[in-house]
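Heads up, the thing below is written out as structure tokens.
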Amino acid sequence: MGMSQVFPTRLSAILTEIEQLHPHGNLQLNDSIVNSIYNSAESIAQQVVNQNEQPRTDWDKRIDDILTSRVFGFPSMLLLLGMIFWMTVAGANVPSAMLADTLFWGQDRLTELCNVLHAPAWFHGLFIEGVYSTLAWVISVMLPPMAIFFPCFTLLEDLGYLPRVAFNLDRLFKKAGAHGKQSLTMSMGFGCNAAGL
Amino acid sequence: MIALAGNPNTGKSTVFNALTGLNQHTGNWPGKTVLRAEGKYINQGYVYNLVDLPGTYSLLANSVEEQVARDYLCFGRPDATVIVVDATCLERNLNLVLQVLEITSKVVVCVNLIDEARRKNITVNTEALEKILGVPVVATAARDRIGLNELINAISNVANDRLVTNPYVVRYTEQIEAAISKIEPIIKELVGEKLNSRWLALRLLDKDQTIITKLEELYPQRDSLVTKVGGELWA
Numbered sequence: 001m002g003m004s005q006v007f008p009t010r011l012s013a014i015l016t017e018i019e020q021l022h023p024h025g026n027l028q029l030n031d032s033i034v035n036s037i038y039n040s041a042e043s044i045a046q047q048v049v050n051q052n053e054q055p056r057t058d059w060d061k062r063i064d065d066i067l068t069s070r071v072f073g074f075p076s077m078l079l080l081l082g083m084i085f086w087m088t089v090a091g092a093n094v095p096s097a098m099l100a101d102t103l104f105w106g107q108d109r110l111t112e113l114c115n116v117l118h119a120p121a122w123f124h125g126l127f128i129e130g131v132y133s134t135l136a137w138v139i140s141v142m143l144p145p146m147a148i149f150f151p152c153f154t155l156l157e158d159l160g161y162l163p164r165v166a167f168n169l170d171r172l173f174k175k176a177g178a179h180g181k182q183s184l185t186m187s188m189g190f191g192c193n194a195a196g197l
Numbered sequence: 198m199i200a201l202a203g204n205p206n207t208g209k210s211t212v213f214n215a216l217t218g219l220n221q222h223t224g225n226w227p228g229k230t231v232l233r234a235e236g237k238y239i240n241q242g243y244v245y246n247l248v249d250l251p252g253t254y255s256l257l258a259n260s261v262e263e264q265v266a267r268d269y270l271c272f273g274r275p276d277a278t279v280i281v282v283d284a285t286c287l288e289r290n291l292n293l294v295l296q297v298l299e300i301t302s303k304v305v306v307c308v309n310l311i312d313e314a315r316r317k318n319i320t321v322n323t324e325a326l327e328k329i330l331g332v333p334v335v336a337t338a339a340r341d342r343i344g345l346n347e348l349i350n351a352i353s354n355v356a357n358d359r360l361v362t363n364p365y366v367v368r369y370t371e372q373i374e375a376a377i378s379k380i381e382p383i384i385k386e387l388v389g390e391k392l393n394s395r396w397l398a399l400r401l402l403d404k405d406q407t408i409i410t411k412l413e414e415l416y417p418q419r420d421s422l423v424t425k426v427g428g429e430l431w432a
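Each protein sequence line maps, in turn, to chains E and Z.
When you line the first sequence up against the numbering used here, it's residues 1 to 197, in that order.
When you line the second sequence up against the numbering used here, it's residues 198 to 432, in that order.
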């Protein structure tokens, strides 16, 4: 096909024709078109889809109704998130204390070692009291909450609850010009602000 | 070239992966397929290039995804289009099916998530649907690879013109139908059989600016021909 082909009708001619057919372009065409399509879809669906009466108890839907209902939505959400919060804070205390004890017992031993070897004071100060004890603190404070919080959150995510939290909070967040999804990152932020951001 | 269209979250990407054996990322949230993904599979010696279009609820409004999907279906002219629909909410999905059928007749409807529907005690009469829509309808559960062979067969039948489809046509109000019947013939004169003139008539009546621009590109006016010679239009 070459460019030399002369088109029998030009596009502009068609456009003029259309302009004449409905001069103001306001036959409410779009609405009417959408309506026709929707009605057709509805009638076809009615002909071919059969929703049997009395479906088995749909647990998905039931749980959904409770978790995202107006009345129980917020309390159940606060309860659940509160529980995780509490589990993280309270549950982390025990392993935290254990880790701290172990690691600082290690520091004492290292100090003794330094004394035996007559290591210079700056060495002890820099490596044992500096690097080692900082590391020990960070690990004993951060690791247990993370080890509890993240599996819990992953579990909730796999259960599909997190999107529902986002759904619940969407209205509130919209008022602040944000999106419901951001509640999730915010609650992550309880654990560590860096992660939340 | 096979296009894969459908509402968001109906398992288009799962079907895509099941057919191509690729492992494109699938996930349960809308807007996952932003750019279109492509892959291929071989069936009876033919290579099928599968294009995963972004999920849309319609082709009428003007989001980017809808435009990408629509332009591809209309001007990309795939050999067949697979519309993946969710068996559990067929009605909403049918809106898109009807709109695609307006653009192209080479369509296979893939009623996916049939296992999910069964769990919810919903039955879909695919034979009746096939009769009404006038195109092949295949029930699948792509996650478990159920119905995929039937889907592949249906695609090859439609793509190779072994099966002539007779797509359902949405009838509009008398006013609109009258206008269509007036301009459809002259559009046909312009575009021939390459594009669907009824659909173009509708879009032009609706003063769809994106379509007009596209047509201007495809069919430049005679006075602007000189400048467009050597362009990629007929490449």
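Ideal Cβ positions, reconstructed from N, Cα and C, are used throughout, including at glycine.
Can you name the residues that DSSP bridges to C114(E)?
Looking at the DSSP assignment, C114(E) forms no beta bridge with any residue, so it has no partner.
Measure the C-alpha to C-alpha separation of N214(Z) and Y254(Z) and round it to an integer number of angstroms.
21 Å
Which residue or residues does DSSP assign as beta-bridge partners of T247(Z)?
Correcting the residue identity first, residue 247(Z) is Leu in this sequence and not Thr. Answer is I199(Z) and G236(Z).
Beta bridge counterpart(s) of V335(Z) as assigned by DSSP:
C307(Z)
Going by beta-carbon coordinates alone, are V332(Z) and N290(Z) separated by less than 9 Å?
no
Once DSSP output is grouped into helix, strand and coil, what is the label at D31(E)?
helix
Span of the beta strand (DSSP E), counted from its first residue to its last, around A277(Z)
A277 to D283
Establish whether the CB of R368(Z) and some CB of chain E are separated by less than 9 Å.
yes
Between I408(Z) and L397(Z), which are expected to be in contact by the criterion C-beta below 8 Å, what is the C-beta distance as a whole number of angstroms?
7 Å
Using the C-alpha atoms, what's the distance from L156(E) back to L99(E)?
27 Å
Since V321(Z) sits in a beta bridge, which residues does DSSP pair it with?
V49(E)
Would D420(Z) be called buried (16 or more neighbouring beta carbons within 10 Å of its own) or exposed?
Caution is warranted here: a pLDDT of 48 is assigned to D420(Z), below 50, making its placement in the model unreliable, and no coordinate value can be reported.
Cβ-Cβ distance between Y365(Z) and I44(E) below 9 Å:
yes
Proximal residues of chain E, C-beta to C-beta of V321(Z) below 8 Å
V48, V49 and N50
Would you list the one or two residues that DSSP bridges to I343(Z)?
A338(Z)
So, is the C-beta of L288(Z) closer than 9 Å to a C-beta in chain E?
The question names Leu, yet the displayed sequence has Glu at residue 288(Z). Taking Cβ atoms only, chain E reaches closer than 9 Å to E288(Z), which makes this a yes.
Between which two residues does the alpha helix (DSSP H) harbouring I148(E) extend?
S133 to L159
What's the gap between the Cα of P417(Z) and the Cα of T16(E)?
16 Å
Could you compute how far the alpha carbon of L293(Z) sits from the alpha carbon of I37(E)?
9 Å
Can you name, in chain order, every residue of its own chain whose Cβ lies under 7 Å from the Cβ of I300(Z), other than the five neighbours on each side?
L270, C271, N393 and W396
For I409(Z), the first and last residue of its enclosing alpha helix (DSSP H):
Q406 to L415
Whole-angstrom C-beta distance between E235(Z) and L247(Z), which should lie under 8 Å:
7 Å
Let me know if F149(E) comes out buried or exposed under the rule of 16 or more other beta-carbons within 10 Å of its beta-carbon.
buried
Could you give the distance in angstroms between the alpha-carbon of L11(E) and the alpha-carbon of D268(Z)?
19 Å
Taking Cβ positions, are L402(Z) and I380(Z) nearer each other than 9 Å?
yes
Measuring CB to CB, does P145(E) end up less than 9 Å from A92(E)?
yes
For a test of the three-state rule: what should DSSP assign to K391(Z), helix, strand or coil?
coil
Let me know the secondary structure DSSP gives N204(Z) once reduced to three states.
coil
With 7 Å as the limit, tell me which residues of the region 372 to 396 of chain Z have their beta carbon closer than that to any beta carbon of chain E; keep them in chain order.
Q372, I373, A376, K379, I380, I383, I384, E386 and L387
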